[in-house]
Amino acid sequence: MAIHVENISKLYGTQKALDNVSFTINEGEIIGLLGPNGAGKSTLMKIITCFIPPTSGNVNVYNHNIFEHPLEIRKNIGYLPEHNPLYLEMYVREFLEFVAGIYDIENKKQRVEEMIELTGLTKEANKKIGQLSKGYRQRVGIAQALIHDPKILILDEPTTGLDPNQLEEIRQLIKNVGKKKIIMLSTHIMQEVEAVCNRVIIINSGKIVADDKTEKLQYMLKNYNQYIVEFDKEIDTKALKQQVQSIDKIVSNGKNSYTITTPEATDIREDIFKWAVNNNLMVLTIKKNDENNLEQIFHKLTSEA
6 MAIHVENISK LYGTQKALDN VSFTINEGEI IGLLGPNGAG KSTLMKIITC FIPPTSGNVN
66 VYNHNIFEHP LEIRKNIGYL PEHNPLYLEM YVREFLEFVA GIYDIENKKQ RVEEMIELTG
126 LTKEANKKIG QLSKGYRQRV GIAQALIHDP KILILDEPTT GLDPNQLEEI RQLIKNVGKK
186 KIIMLSTHIM QEVEAVCNRV IIINSGKIVA DDKTEKLQYM LKNYNQYIVE FDKEIDTKAL
246 KQQVQSIDKI VSNGKNSYTI TTPEATDIRE DIFKWAVNNN LMVLTIKKND ENNLEQIFHK
306 LTSEA
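Going left to right, the sequence shown walks through residues 6 to 310 as this note's numbering numbers them.
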């Protein structure tokens, strides 16, 4: 195993950001780390990269302990934090040469040119970083994370704020890099995980609530029905769940629309209409949701009814 996380907990005062988290990551895996805001994703990444220590537990990266060999671990990891820290007044090539110098890389200029080509920065290499679009700045961030040829690449929200074209370009770059390296990336974009990752870890309130191959997590919903129901006004979800007891979970989609999950054999459409009539509500639309995607799983595992 390349990364072994064992019983990690992290406290900020009385607030528990991580609660007894354990998992292993092996060669060749691209991990999608999912969870709501405040779930503990960034804290977990910072612990693995030795930026902050855990309150309890341990992490080993290629048999190096985070407490005993943090420098050795950092040599094996490339890290792009959520807020990409760049020197905006430096030129792209100048910045990458600066980073290569920090790592004391031999043949520094050759390595910089390799990273510029790999990350698609050739046309922008002579510009100041401050002149670049968000997508190209992310490319610079990925280039600096890869420049020392780490075995592991950790990316925290690498595609936040990108337009659709930039999204596709960065996803393809991550997939290409992932052929030779372990990648862990956090994101709120479910399609991104489905397109790029071969394994998903979902974290909620500091705990792992799912950890499996992407296709296996998608199969989880086979034993459930989901209905998208739109009412004429906001409803009391607790009252609905109490009166229609076959409902497993209700998630608000906004604008008086709700995703309602039931066991596979249960058809609740008639019960929903009766409940609406009894409560002076109107059902505007009701349809069965036949899509089987990570967004549904994410809602099911991280949302309260």
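From the three backbone atoms N, C-alpha and C, an ideal C-beta is built for every residue, glycine too.
Original post:
In three-state terms, what does DSSP make of Asp253?
Top reply: coil
Original post:
If you draw a straight line from the alpha carbon of Leu93 to that of Ser138, how long is it in whole angstroms?
Top reply: 12 Å
Subject >> N-terminal and C-terminal residue of the alpha helix (DSSP H) that Ile107 is part of >> reply: 97-107
**OP:** Thinking Asp161 and Ser191 are a contact (beta carbons under 8 Å), I'd like their distance in whole angstroms, please.
**Re:** 5 Å
**OP:** Figure out for me which residue from Leu91, Thr124, Gly45 has the closest Cα to the Cα of Gln20.
**Re:** Gly45
**OP:** Using a threshold of 7 Å, state whether the C-beta atoms of Lys156 and Tyr96 are closer than that.
**Re:** no
Original post:
Quick one: what's got a C-beta closer than 8 Å to Thr271's C-beta in the same chain, skipping five residues either side?
Top reply: Asn230, Ser251
Original post:
For Leu38, which of Glu199, Leu172, Asp253, Gly18 has the nearest alpha-carbon?
Top reply: Glu199
**OP:** Determine the extent of the beta strand (DSSP E) in which Met195 is found, giving its start and end residues.
**Re:** Where Met195 is concerned, there is no enclosing beta strand (DSSP E), although the alpha helix (DSSP H) it sits in stretches over 195-201.
Original post:
Does the separation of the CB atoms of Ala150 and Gly83 fall below 7 Å?
Top reply: yes
Original post:
Distance, Cα to Cα, Lys51 vs Ser27?
Top reply: 15 Å
**OP:** Determine the burial state of Leu76: buried for a count of at least 16 other Cβ atoms within 10 Å of its Cβ, exposed for fewer.
**Re:** exposed
**OP:** Would you give the residue range spanned by the beta strand (DSSP E) that Lys68 belongs to?
**Re:** Note that residue 68 corresponds to Asn in the displayed sequence, not to Lys. From DSSP, Asn68 is part of no beta strand (DSSP E); its letter is neither H nor E.
Subject >> Straight-line gap, Lys238 to Arg204 (C-alpha atoms, nearest Å) >> reply: 39 Å
Subject >> 6 Å CB neighbourhood of Ile281 in its chain, flanking five on each side removed >> reply: Note that residue 281 is Ala in the sequence shown, not Ile. Excluding residues within five positions, the ones whose Cβ falls inside 6 Å are Val288.
Subject >> For Ala22 and Asp154, the rounded distance between their alpha carbons >> reply: 31 Å
Subject >> Three-state class that DSSP yields for Asp276 in the structure shown >> reply: helix
Original post:
Over what stretch of residues does the beta strand (DSSP E) that includes Thr242 continue unbroken?
Top reply: Where Thr242 is concerned, there is no enclosing beta strand (DSSP E), although the alpha helix (DSSP H) it sits in stretches over 242-248.
Original post:
Can you check whether the CB of Thr54 is closer than 7 Å to the CB of Lys15?
Top reply: no
Original post:
Contact check, Leu245 vs Gly146 under 8 Å by CB: the rounded distance?
Top reply: With a Cβ gap of about 46 Å, Leu245 and Gly146 do not count as contacting.
Original post:
Does any CB atom of chain D fall closer than 7 Å to the CB of Tyr229?
Top reply: Of the chains in the structure shown, none is chain D; there is only one protein chain.
**OP:** Output yes or no for whether 7 Å exceeds the beta carbon distance between Thr242 and Lys254.
**Re:** no
Subject >> Reduced DSSP category for Thr271 - H, G, I as helix; E, B as strand; rest coil >> reply: coil
Original post:
So who's on the other strand from Glu77, going by DSSP bridges?
Top reply: BP columns for Glu77 are empty, so no partner.
Original post:
Across which residues does DSSP place Ala215 in a beta bridge pair?
Top reply: Ile207
**OP:** Would you give the residue range spanned by the beta strand (DSSP E) that Glu11 belongs to?
**Re:** 8-17
Original post:
Quick one: what's Glu235 bridged to in DSSP?
Top reply: Ser262, Thr290
**OP:** Report all residues from its chain with a CB closer than 6 Å to the CB of Asn12; omit the five preceding and five following residues, and keep chain order.
**Re:** Asn25, Ser27, Gly62
Subject >> Cutoff 8 Å; reference Leu167; Cβ partners in own chain excluding five residues on either side >> reply: Lys139, Gly140, Gln143, Ile175
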